[in-house]
Every structure is written in C-alpha cells, then in structure tokens.
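In full-length UniProt numbering, the protein residues as written are 1 to 779.
Here it is in structure tokens:
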C-alpha cells in the first residue's frame, strides 16, 4: 500500500483552490505579518488556550495510506479549534464565508482533534485580526465528527487520484534507477571518488563542500549518485541549484544522458518570471493578464496532461503547455515541480527569504538533497539576497501621485516614511557626511514601513486604474522585502544610510550570511556545495553555512599539468597608484605573450576604466593585432556575438579585452583552438568601498581576517575563474600570464591550486617571449 504524507495546507490548496493569480493580493507570509499577532492573541486567550498544537491523522482512502499533518493555532479546553488569520481587508468586508479555504483547513484540524481525543463534535472558531485597525472578528460553528470525517475523506479521495498516479510513477522510476549504470564507458580521473563521496553524503544526511576542477565532470558526479540514492528511497527530490542559465543546461544534458541509459525521472527547469512571462509588460493580475485570470480553475487539467506525456520539462515544454491551457508559465513550472523528481533552478528558490519555493519549504524540512553548483558565486549572491534597500526618490514618486482627498490614509503612511528620510538627510548634512552606519536597526523607520505595507495592501486592489498604482505596487513589494530582512536583522547586520544628492537610501546590509544559509540548508536532508574553484575551502565553508565538522574535499585537476604554461610577471606592479606608470610595461608584456603562436587570447583587467586605457594604448602601439573589447552593458545577443569571434583555424592573432569578474571571466567554454591563452592584470581586488570595508571590519572583529575575507580571497577567486577559461578539455593547450608582483608573494602563492606548482617567474618581455616560444615549440 502506498504511503503518502501531506500537510493540511497543501491538501486543501491543491484540491480546493480556485480563481485567479493576483499579485496585488500578495502579502507578507505568516512569519512576517502573523507570528507576533498570533502570539499576542494566544496569550490574551488565557490559560485554557493551548497554542501551536501539532496534529496528525492516519487515514486509508482508495488503498492509499495517508498521513495528514498540520499545526493548529490553538485548542481551547481540549474541544475547540481556533484558527487565526491576519488580514488587511476591512472588517465590514469579512463575512463568515470570506475565505472558504480557511474553513476547510479548520475542518481538517477539527477532525484530527476529534480522532485524537475521541470527541463526538468539535467547535471550530475562525479568528480574523485586522492588522491596520487592530480589530478582531470571530466566527464559530459546531461540526460533528461524522460531518468532518465526510469532508476530510472527500478531500483525500480527490487527492488519491494524484497520489496513485505518483505512486505508479515512483515504482517505474525506482525500477529504472536500480537498473541504471553510469552513463559513460569509464570514469574520468577523480570522478568516481567524487561520486562515491556525494553518495555517502546523501545517504548519511550530511553536508559536503567540494572543489572539483574543470574536467572531472562534476555535474554527472553529483546528479548520478543523487539519483541512485533516490532509487533506494533515501531521497524524495533532488534540487540542482546554480547561478547561470548555461549551467542549468549542463544539468539537463546530464539527466538526458542517464535517460538514454534507461532512467525514468521527471525534471523541471524553472525560468525566472521576468524571462518566461508572455506579456510585454508583466502585470500579474487578472484584469490585465489572461494567463493569470482563472489560473487555478484550469491548472489541474494541465498538470495531468503534462505529467502523462512529459519527463523533461524544460522552458519550451512549460511554455507549450502554458499556452495550450492559457496559464502563467512561471506559476505552472512551480506547480508541476511538486510532481517532479529533479528541480533545476536558481539559488534564490532556496536561499532568498522572499522568493523561495514556499510550495516545498514553507512547511519545514523535507527529504531533499540540495546540489549547489558554482557555489563560489553564492557568497556575494547571499549577501545581496539577505540585504534590502529603500530610497527616498521612490517614496516621493508615490507621494506626488496620490490624491490628498481620496488616498488620505495611504498618503499619510507615505508622508510618515518621507519625514523620517528628511530627518536622516538633515542629520547627515549637518555632520557633513554622505554615509552613516548604525549597528542597531532603525525601529521607528521599520514601523513606518510596516504601516505603509498594511495600508498599501488594502489600497491596491481597490485602485487598479489609479495613476499611482504601478509605483505603489513597486514600493509595496520593496517594502515587503525590507520588512522580511528586518525580521532577520541581528549582530551580522548593519544599517547603512547614504545621502546621494537629493536622494536618501536606507540599506540593511548583511555582512555575514553563514547562519542564514545554514538555516536554509536545514530545509533539506543533505547538501553538496561544489565548484571548480573553492579555494581556500575553509573560507567558503565558513561563509556558506558549514560547521567545523563539515566534510571538505579538494580534487586535483584531471588534465596534464604541462598542457598549461603558467607565468608570473613579478616585475610589474598594477597597484592603483602605480597603474599609470606601469601601463606601458603591462602592454609590452601582453604583446610578448602573443609571440609564441597566432590564435585567440583573452586579456582581463580589474575595471572598465583600466580596460579602456589599456585597449587604446595597445591598439595604438600594436595596430596589426586584431582586438575587440567588452562593453559595459551587453545583452545576450551581443555577448554571443563577442564569443563567436573566437574562431578556430586562425592565421592571425585575435585578442578580447575583458573585465575580470565579468560575464566572460567564468562560465565561458572556448575549447581547443578557440582560446589558447589568457592574461590577468592585477590580483582582482575590488576598489576600496564602504561596504567591503564594513565586511572587513566585521571579520577583523570576529576572526581577525578582515582583509582576506573582504578583498583578497574574493579577488583571487576572480583570477582562478579567468585562468580556468584556458584549459577546458584534456587535449587543450595554452599559456597563462599573471601580471602583478603580488602574485610572487607567499600571501598569494598560498592560494594557488596544487596544479599551479610549476609556475615560472618572468622578469622582462624577452623572458616572456622565450617561455611562450619554447612552450609552443615543445607542443
């Protein structure tokens, strides 16, 4: 008999939810708007009120053994269930049948209590709390155990159709996995060891940090053992998180390789809402979007059709079914993910506190395995996801558009925010400062933002045609993010107030995301965090939620060391104050590097300004070399055109001038003759700035390694990524020139990978020419 575990919330929403998607009605989740209110009401209810009671019900319906779970807000005197719902809707609009799904949840909890305590009937109480006016409105009804049993059994029988379909699929999937062999004829060097380490991590419910250099085949080495563990019943779902579209494609390809060997597994790739939206201007409300209007009325039919016919649910498949059933493609991809075995998506669907996948993670941990690729990117992304900013200019834009008579309540809340901004601006001006940093949260400001969010949520659905609608909606969502971050604010944060001409920005800056990331990783049973460059691995373990006993693995490059000739021009300093004097030496060193062989090269510079200056001087001094430079803003087509210029079989030399840490310094795969050399100018340090200095000060105070954590290691990672563009396959050969005297110091050499131990110091252009000519002669 198939066993199915499901939460009350998910059961009720899946079976009964109807109507449209409407982003105007999207509010703060329970953690943000509800917890304190729930606690207040629960406390006021007296000693007879038992708060936050976990309930469980086991029920066999249509040969499915269901375990229904949930948490009731309160049980009164052991025989009354209380469900608390916070709302911004006016009390006059709240009737007994205001939200049928609320009663459905309550009936489920009532039946679970009746079964647990052997009660003939239960009183169901629905408590509405209006957050703006702080009013309470309650409705109650008495239901017999038999009535509630009929209702719950009806819900479960409707869901049983889907549970049976899932059970049949699971049997087919597991049988295919048990028969599945590694999809390639042999393992690459290090690949088998990595796969074994991942498998052990998954079955032991542990966490692994791993540096797996290019060429090992890390995507297959993580997905294959995860899939095998799934076939043994150790994992319910695999999540493959990554930062870039191209890496998601690699994960799709790896699954397809396994399918060619007989694997039956459903996978879905989730594409960002802005990218996959069918509308020219995204407005997620039923009045403007036919794909949002009546979405839930058509959803289940579309899901059934898709699940009967598709295994590889890529973006194009999602779009096909979304058009067929007139559904929002983004929401469809999220809904079908509930029935998929592998979910491929961006980091933010786990880690972002606002846009994470609530369908999976809102109810707490699951038997999930998280495979987090390119994890070196997660440090900066995490700080960004756990930070939030609001600015005066957006507030003033809303204020100017509101009508003083008809929008008085909303206008008052916006004015209150603006007054605080004016006061902060005045304080900065009097002290002749542009930036002020506080370790404590701005409580008065946070309360003003909270008040605005409540009023705006009430205003938005009633004023769909108002001139201010779009700007109010934008400020509303920004405020929700700000308030969510305010919930997380602790000693790992600072508040940064910046005066920029007439504008004022208030930012809650996350200095250390480690704890928050670790809490997110607890939503799964096991995690593997990996990258081609994860050096030093202790730095990434500390910053990305690892513990002292977290497993760490570092693999050597599978490629022959002598395929890459590595040089350090330690006679040149590219420090900011010396750049002008050393620029000509840099240009000559770059030209000397080209002398060994005609072909394609990449030169990386620490900033666009430096790139522009170097590009002009190089073009002027060496006009016969064909060159092209990266532009500061390039769309996808322009980036593809830039990379297309790196052709094979060249009879001339072509050089791309790029920015270190930019779009061409990682994730670019120019194999063979498409790229035969790379030069990196400088050690990758970001220019000194306020935020990085705050991070430096924080780590100086906590672990005494401020400069390393804020500047040196992130900079060196950019260097490692750029160098990694050269050797992409076992037959690739190329030269690498690091231009900066600091690369020869022990401080930086300690960060070199083991396969860089053949590095050669070069003291002038003649030596560079000799080295590259000898390398290409021998190869």
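Idealized CB from N, CA, C, for every residue including glycine.
Backbone secondary structure at residue 296 - three-state DSSP: helix
Distance between residue 163 and residue 29 (C-alpha atoms, nearest Å): Residue placement at residue 29 is poorly supported in this model, since its pLDDT is 47, which falls under 50; the coordinates are not used for a value here.
Residues near residue 440 in its chain [Cβ-Cβ closer than 8 Å; skip 5 each side]: 495
C-alpha gap between residue 267 and residue 318, whole angstroms: 12 Å
Host alpha helix (DSSP H) of residue 441 (start-end): From DSSP, residue 441 is part of no alpha helix (DSSP H); its letter is neither H nor E.
Collapsed DSSP secondary structure at residue 355 in the structure displayed: coil
Residues bridged to residue 67 [DSSP beta-bridge criterion]: 5, 58
C-alpha distance - residue 634 paired with residue 125, whole-angstrom precision: 57 Å
Contact the segment 567-578 vs the segment 758-768: 3+ CB pairs below 8 Å: yes
Per-residue DSSP class, three states only, for residue 600: strand
Classification of residue 246 by the beta-carbon crowding that lies within 10 angstroms, buried from 16 upward: exposed
Extent of the continuous beta strand (DSSP E) run through residue 261: That residue, residue 261, is in no beta strand (DSSP E); it is neither H nor E in DSSP.
8 Å Cβ cutoff met for residue 530 and residue 373: yes
Short Cβ contact (8 Å threshold) for residue 542 with residue 525: no
Integer-rounded CB distance, given that residue 658 should sit under 8 Å from residue 603: 7 Å
Beta-carbon spacing of residue 313, residue 240 below 8 Å: no
DSSP bridge partner residues for residue 493 (one or two, in chain order): 510
Ranges of the alpha helix (DSSP H) found wholly within the segment 529-589, counting only runs of at least 4: 537-543
Rounded C-alpha distance that separates residue 229 from residue 235: 6 Å
Boundaries (first-last residue) of the beta strand (DSSP E) holding residue 372: 368-372
Rounded C-alpha distance that separates residue 722 from residue 685: 14 Å
For residue 660 and residue 606, believed in contact at Cβ under 8 Å, the rounded distance: 6 Å
Residue 279, DSSP secondary structure in three states: coil
Beta strand (DSSP E) runs wholly inside the segment 650-701, at least 3 long, in chain order: 654-659, 677-681
8 Å CB neighbourhood of residue 631 in its chain, flanking five on each side removed: 638
Supposed contact pair residue 410 and residue 445 - C-beta distance, whole angstroms, cut 8 Å: Residue 445 to residue 410, Cβ: 18 Å. No contact.
Distance, residue 420 Cα to residue 780 Cα: With the chain covering 1 to 779 only, the question about residue 780 has no answer from this structure.
Proximity to residue 52 [Cα-Cα], best of 431, 766, 75: 75
Identity of the residues DSSP links to residue 646 by a beta bridge: Its beta-bridge partners do not exist; DSSP assigns none.
Own chain residues within Cβ distance below 7 Å of residue 106, not counting five before or after: 81, 83, 124, 126
Sub-8 Å separation of residue 563 and residue 732 beta-carbons: yes
Rounded distance between the beta-carbons of residue 681 and residue 772, thought under 8 Å: In fact, because the Cβ distance is near 17 Å, the residues do not count as touching under 8 Å.
For residue 30, the three-state DSSP class (helix, strand or coil): For residue 30, the predicted model reports a pLDDT of 41, less than 50, meaning its position is unreliable; a value from the coordinates is still stated below. Helix, per DSSP.
Residue 152 in three-state terms, based on DSSP: helix
Selection from 120, 5, 316 that minimises the alpha carbon distance to residue 68: 5
Residue 590 versus residue 689 - alpha carbon distance: 29 Å
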